[in-house]
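The block underneath contains the structure these notes are about, expressed in structure tokens.
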Amino acid sequence: MGKNKGKQMNLEKQLIQKLGQLNVLNQDNIETPMALLWENQKTVLIFVRHFG
Amino acid sequence: MICRRQVVDIKEQMETFNKLNVRLVVIGNGTPNFIEGFRNDTGYTGDLYTDPSLQSFQLLNFKKSITSLLGFKTIKSALHALSTGYMQKGIQGDALQQGGVVVIDSGQPVYFYANTEAGDHAPLDEIIKACQ
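If you're matching them up, the sequences are chains G and L in order.
Heads up: take any position in the first sequence, counting from 1, add 39, and you land on the numbering used here.
Heads up: take any position in the second sequence, counting from 1, add 26, and you land on the numbering used here.
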């Protein structure tokens, strides 16, 4: 786990599994299971506050 | 403006992430119809999704409060975003919801950063280091 200046939390693999069961939407309003986002390669998920 | 500035900063390191064979995914929380405008504003052409339900943000325990909008970093980042041409165009999502970064390798979390306030972001060099 990297050194963080923000709020640090030790994420468990189980939490990532739960995250993978959630869906996100693309611009056409189509749902994608989050697990598909990282199934094939190392992935950086950047959660932004809003699209402002 | 702050969020778009963050994505522009990341976009500028796209080649580095490509060389590392790392996939970048940006997830917002506004409605899907704002995605195209966000792409146009930032020039980001990579994966872009949204979670208006905020379930993923909540699961990761990302902060949600009014005080997270009022800190020093927020003001500093807003000034930086303004000085580089990123005016906020309005809120397309939950303004009180903070974000963060998770790096996942083979289903395992290898890096996690939860923003403490608007304008606080995971340092890019830390993200890149986690990807190496």
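For glycine and all other residues, C-beta sits at the position ideal for the given N, C-alpha and C.
Values in this document were obtained by computation on a predicted structure and should not be read as measured data.
Closest by C-alpha distance to G:Val83, out of L:Gly145, L:Glu143, L:Gly126 and L:Thr142, is L:Gly126. In the three-state reduction of the DSSP assignment, L:Arg31 falls in the helix class. Among the bridge pairs identified by DSSP, G:Phe86 is matched with L:Ile53 and L:Gly126. For the pair of segments examined, the segment 54–74 of chain G was found not to touch the segment 31–43 of chain L: the number of CB pairs separated by less than 8 Å stays below three. Taking a Cβ-Cβ cut-off of 9 Å, the neighbours of L:Asp77 in chain G comprise Leu61, Asn62, Val63, Leu64, Met73 and Phe86, given in sequence order. Following the DSSP letters along the chain, one finds L:Asn66 inside the alpha helix (DSSP H) bounded by residues Ile61 to Thr68. L:Asp77 is a Cβ neighbour of G:Val63, given a cutoff of 8 Å.
With respect to L:Ile53, L:Ser82 sits close: the two C-beta atoms are nearer than 8 Å.
Contacts with chain G (Cβ-Cβ distance below 9 Å) from the segment 123–139 of chain L involve Gln123, Gln124, Gly125, Gly126, Val127, Val128, Val129, Ile130, Asp131, Ser132, Gly133, Gln134, Pro135, Val136, Tyr137, Phe138 and Tyr139, listed in chain order.
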